[in-house]
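There are 2 protein chains.
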Amino acid sequence: MNINSALKVGVLGFGGLGQAAARILTPKQEMTWVAAADLKGYSYCERGLDPDKLISTYHEKGSIGYCDPYGTFSNKSIQDLLETKAVDGYFLALPNLPNTFMADVTKQFVASGWRGVLVDALKRTSAVEQLLNLKDELAQAGITYLTGCGATPGLLTAAATIAAQSYAEVHHVRISFGVGIANWEAYRATIREDIAHLPGFDVEKAKGMSDAEVKTFLDKTNGILTLENMEHADDIMLELAGVCARDRVTVGGVVNTRSPKKPLSTNVQVTGRTFDGKISTHTFTLGDETSMAANVCGPAFGYLKAGIELHRRGIYGLFTAAEIMPKFVK
Amino acid sequence: MNINSALKVGVLGFGGLGQAAARILTPKQEMTWVAAADLKGYSYCERGLDPDKLISTYHEKGSIGYCDPYGTFSNKSIQDLLETKAVDGYFLALPNLPNTFMADVTKQFVASGWRGVLVDALKRTSAVEQLLNLKDELAQAGITYLTGCGATPGLLTAAATIAAQSYAEVHHVRISFGVGIANWEAYRATIREDIAHLPGFDVEKAKGMSDAEVKTFLDKTNGILTLENMEHADDIMLELAGVCARDRVTVGGVVNTRSPKKPLSTNVQVTGRTFDGKISTHTFTLGDETSMAANVCGPAFGYLKAGIELHRRGIYGLFTAAEIMPKFVK
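These protein sequence lines map, in sequence, to chains A and B. In terms of the working numbering, the first sequence opens at residue 9 and continues consecutively. In terms of the working numbering, the second sequence opens at residue 9 and continues consecutively.
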């Protein structure tokens with residue numbers, strides 16, 4: 009692939025993740041960032057969008073629909089893009105909440121007649137379960153959908169699948185993540201999703217919190233969120249890949265919302281028994297300097313590239329990050 | 009896949025690696041070990057071969073061709089198997105030396121008209137280069153060949169490809185392996201391959217060493233082989249996968265031929281620059297208790313399963329462990 013045949017890529021959702029995705033895409037030779045959408049509008053330019061302009065417009069005016077000349081206001085941005093603009097694949101950088109959101113958006117794609125590749129960075133098991141129900145519809149629609157393609161699930165789930173190969177039986181996959189962000193306001197949706205995992209909270213309650221309520225809550229914990237036994241789709245993805253039953257997969261972590269320094273090194277440990285009876289553990293550890301955005305969006309586009317190769321071979325349907333090798337995007 | 013539709017798998021070569029492969033395959037539900045071959049003969053049983061019997065026959069009599077009732081003497085074992093026996097895929101557990109061996113065997117497969125999946129655990133860059141020359145022939149023959157599917161290249165190369173996803177640019181992939189084996193005689197071919205990497209040696213010279221000469225050489229080093237800047241196919245595989253230029257990949261290691269304890273924990277470090285300008289390193293480390301046999305043969309069969317899925321979709325040709333996600337074999 010060269011610049012002339014660069015893949016046309018769209019990003020749906022323009023919060024912290026969508027903006028980071030734009031920054032990551034811009035220098036790529038093999039992909040051109042042609043489309044973006046938020047709740048109130050979208051931008052499209054087949055020669056490539058300008059991230060600085062879109063990000064500043066979003067911050068100043070609340071929607072990329074205000075961009076001149078490539079912005080359009082719409083309360084049906086996704087539908088407009090699907091019906092009128094040429095895009096090879098989309099990264100769904102949408103909030104995970106409500107939990108049915110990704111599946112609802114997927115139904116829009118299926119209904120539109122659009123054919124191409126979708127990649128998400130979903131977190132919850134139940135959200136993947138909803139997508140599994142759409143597997144046949146996606147295949148029939150000519151859509152190749154790769155789910156769980158962020159950091160965890162995603163990067164670490166794929167590493168766990170690789171690690172599992174040494175074992176005759178996998179006993180435990182233990183994912184421990186550390187996230188440090190300078191301020192929670194840059195990732196409002198993500199932090200609410202994290203809070204939803206805490207005892208005494210659920211998705212509805214977390215989503216209903218005002219910014220002031222989140223801030224008050226974080227003040228009580230010194231900005232630290234400690235998460236255990238989280239509902240994370242790594243479990244169902246590893247089960248679907250045949251690595252182990254989902255109850256052998258645990259995910260926990262510590263989020264510091266007041267410092268970009270990670271409170272612990274994000275890692276996945278895969279413990280199993282080898283054919284010759286040894287119990288051992290392989291460990292994959294992420295470098296502390298890598299941000300959540302790099303570890304989520306990088307893999308997402310690697311899977312998008314792999315998905316486009318599948319799509320060109322006529323392979324449609326639903327796949328997870330544990331089944332497909334992501335491709336490095338230059 | 010259930011026991012009734014288990015994949016029929018063959019193992020070519022019956023040295024240390026081939027024997028370990030037999031042990032790994034035997035308890036699998038999704039695969040049946042139906043065929044094996046050494047230089048002097050082969051064994052075939054579509055209900056599954058008995059590893060104890062084949063291994064003891066090989067040690068006592070020098071060839072599995074002596075096995076009764078499933079053994080056959082032949083100086084063209086591979087050809088006989090290809091022409092007369094139903095096998096879905098083969099693991100080529102053959103010596104890497106001479107360096108043209110794997111490509112020569114591959115030409116036999118192509119010429120035979122057999123269609124199926126081949127997996128190797130090749131080590132050297134130049135051996136992969138020879139296979140690359142056969143890419144079109146493999147595709148036309150209806151063969152799906154996955155190369156470099158052992159531990160390194162293989163498991164660690166795949167992990168490096170996953171790790172690379174966090175980075176905008178990969179600066180260095182550094183593979184350091186530790187191998188401990190109780191006695192070198194169990195892996196005569198492998199140890200000669202390692203010696204060939206040492207200063208003052210080459211493939212021809214190492215292959216020409218008698219067992220007594222190898223023993224004398226190892227006596228001088230207390231059984232330790234320290235290897236640096238090895239010619240390892242991880243480099244070309246990561247280059248082909250677009251991760252980085254091959255000169256950014258280095259492979260070295262320490263082999264202790266007198267103790268199963270590893271002299272260092274085998275690991276791969278992937279250093280790169282993220283989109284937001286951070287330099288960092290992801291690390292994937294294998295548990296010390298896992299043997300070379302587990303880390304080579306486990307992945308090989310994981311890739312064989314993935315290869316059979318590709319083959320069933322009509323996808324033929326040459327692929328590497330850095331392009332395809334291995335599938336866990338139950």
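We treat Cβ as the ideally placed atom computed from N, Cα and C, and that holds for glycine. For clarity, every value in this text was computed on a predicted model and none was experimentally measured.
CB contact check: residue i to chain A, cutoff 9 Å
{"i": "His290 (chain B)", "result": "yes"}
{"i": "Phe22 (chain B)", "result": "no"}
{"i": "Asn10 (chain B)", "result": "In this prediction, Asn10 (chain B) has a pLDDT of 40, which is less than 50 and means its spatial position is unreliable; what the coordinates show is noted afterwards. Not one chain A Cβ lies under 9 Å of Asn10 (chain B)."}
{"i": "Arg256 (chain B)", "result": "no"}
{"i": "Ser71 (chain B)", "result": "no"}
{"i": "Lys84 (chain B)", "result": "no"}
{"i": "Gly295 (chain B)", "result": "yes"}
{"i": "Ala253 (chain B)", "result": "no"}
Cβ shell of residue i (< 7 Å), same chain only, five flanking positions each side left out
{"i": "Leu226 (chain B)", "result": "Trp192 and Thr265"}
{"i": "Ile86 (chain A)", "result": "Leu20, Ala45, Val113 and Gln116"}
{"i": "Val125 (chain B)", "result": "Asp96, Gly97, Thr152, Leu312, Gly315, Ile316 and His319"}
{"i": "Leu102 (chain B)", "result": "Leu20, Gly21, Phe109, Met110 and Val113"}
{"i": "Phe185 (chain A)", "result": "Thr160, Gly261 and Thr274"}
{"i": "Val337 (chain B)", "result": "Lys36, Glu38, Met39, Phe309, Gly310 and Lys313"}
{"i": "Glu91 (chain A)", "result": "Ser120"}
{"i": "Val257 (chain A)", "result": "Val181, Asp242, Asp243 and Leu246"}
{"i": "Ala253 (chain A)", "result": "Glu247"}
Separation of residue j from residue i, as counted between CA atoms
{"i": "Lys48 (chain B)", "j": "Ile63 (chain B)", "result": "14 Å"}
{"i": "Leu15 (chain A)", "j": "Thr40 (chain A)", "result": "6 Å"}
{"i": "Tyr195 (chain B)", "j": "Gln27 (chain B)", "result": "11 Å"}
{"i": "Gly216 (chain A)", "j": "Phe209 (chain A)", "result": "11 Å"}
{"i": "Tyr52 (chain A)", "j": "Lys93 (chain A)", "result": "8 Å"}
{"i": "Met9 (chain A)", "j": "Val42 (chain B)", "result": "With a pLDDT of 40 at Met9 (chain A), under the threshold of 50, the predicted position of this residue should be treated as unreliable, and no value is reported."}
{"i": "Lys7 (chain A)", "j": "Ala197 (chain A)", "result": "A query on residue 7 (chain A) cannot be resolved here, the shown segment of chain A reaching from 9 to 338 and no further."}
{"i": "Asp255 (chain B)", "j": "Phe292 (chain A)", "result": "24 Å"}
{"i": "Met333 (chain B)", "j": "Leu140 (chain A)", "result": "20 Å"}
{"i": "Gly121 (chain B)", "j": "Ile323 (chain B)", "result": "17 Å"}
{"i": "Ile203 (chain A)", "j": "Gly231 (chain A)", "result": "11 Å"}
{"i": "Ser267 (chain B)", "j": "Glu247 (chain A)", "result": "36 Å"}
{"i": "Leu25 (chain A)", "j": "Ala301 (chain A)", "result": "6 Å"}
{"i": "Ile11 (chain A)", "j": "Asn104 (chain B)", "result": "Low confidence applies here, because Ile11 (chain A) scores a pLDDT of 43, under 50, leaving its location unreliable; read the following figure in that light. Looking at the two C-alpha atoms, the distance is approximately 40 Å."}
{"i": "Ile183 (chain B)", "j": "Glu297 (chain A)", "result": "21 Å"}
{"i": "Val222 (chain B)", "j": "Thr165 (chain B)", "result": "30 Å"}
{"i": "Gly79 (chain A)", "j": "Leu33 (chain A)", "result": "19 Å"}
{"i": "Ser71 (chain B)", "j": "Pro307 (chain B)", "result": "26 Å"}
{"i": "Pro207 (chain B)", "j": "Ala190 (chain A)", "result": "51 Å"}
{"i": "Lys131 (chain B)", "j": "Ala329 (chain A)", "result": "27 Å"}
{"i": "Pro59 (chain B)", "j": "Cys75 (chain B)", "result": "11 Å"}
{"i": "Asp128 (chain A)", "j": "Lys269 (chain B)", "result": "43 Å"}
{"i": "Tyr66 (chain A)", "j": "Pro271 (chain A)", "result": "31 Å"}
{"i": "Ala29 (chain B)", "j": "Ala30 (chain A)", "result": "46 Å"}
Test: residue i CB closer than 9 Å to a CB of chain B
{"i": "Asn191 (chain A)", "result": "no"}
{"i": "Phe99 (chain A)", "result": "no"}
{"i": "Phe185 (chain A)", "result": "no"}
{"i": "Ile203 (chain A)", "result": "no"}
{"i": "Ser299 (chain A)", "result": "yes"}
{"i": "Ala197 (chain A)", "result": "no"}
{"i": "Phe283 (chain A)", "result": "yes"}
{"i": "Ile287 (chain A)", "result": "yes"}
{"i": "Lys338 (chain A)", "result": "yes"}
Beta-carbon proximity list for residue i, same chain, < 6 Å, skipping 5 on both sides
{"i": "Leu146 (chain B)", "result": "Tyr153, Gly325 and Leu326"}
{"i": "Lys69 (chain B)", "result": "none"}
{"i": "Thr279 (chain B)", "result": "His179, His180 and Thr289"}
{"i": "Phe81 (chain B)", "result": "Gly49 and Gly73"}
{"i": "Leu233 (chain A)", "result": "Asp202 and Val263"}
For residue i, the residue or residues it bridges with in DSSP
{"i": "Met39 (chain B)", "result": "B:Leu15"}
{"i": "Ser51 (chain A)", "result": "A:Ala44 and A:Gly79"}
{"i": "Thr291 (chain B)", "result": "A:Thr293 and B:Gln277"}
{"i": "Ser184 (chain B)", "result": "B:Gly260 and B:Asn275"}
{"i": "Phe327 (chain A)", "result": "A:Leu154"}
Nonlocal neighbours in the same chain, by C-beta distance under 8 Å from residue i, ignoring five residues either side
{"i": "Glu137 (chain B)", "result": "Ile244"}
{"i": "Asn237 (chain B)", "result": "Thr258, Val259 and Gly260"}
*Using a Cβ-Cβ cut-off of less than 7 Å, list which residues of the stretch 156-182 of chain B approach chain A; keep chain order.*
Leu163, Ala166, Ala167, Thr169, Ile170, Ala172, Gln173, Ser174, Tyr175 and Ala176
*Output, in sequence order along the chain, the residues in the stretch 260-278 of chain A whose CB is closer than 7 Å to any CB in chain B.*
none
*Residues of the stretch 323-335 of chain B with a CB closer than 8 Å to any CB of chain A: list them in chain order, please.*
If the cut-off is 8 Å between Cβ atoms, the stretch 323-335 of chain B has Ile323, Ala330, Glu331, Ile332, Met333, Pro334 and Lys335 near chain A.
*Please name the residues in the stretch 224-251 of chain B whose beta-carbon is closer than 8 Å to at least one beta-carbon of chain A, in chain order.*
Ala249, Gly250 and Val251
*Contacting positions in the stretch 304-320 of chain B - beta carbon closer than 7 Å to chain A*: Gly306, Pro307 and Gly310
*Anything in the stretch 101-128 of chain B with a Cβ closer than 9 Å to a Cβ of chain A? List those residues in chain order, please.*
none
*In the stretch 14-44 of chain B, which residues sit with their C-beta less than 8 Å from some C-beta in chain A, listed in chain order?*
Residues of the stretch 14-44 of chain B with a C-beta less than 8 Å from any C-beta of chain A: Ala28, Arg31, Ile32 and Pro35, listed in chain order.
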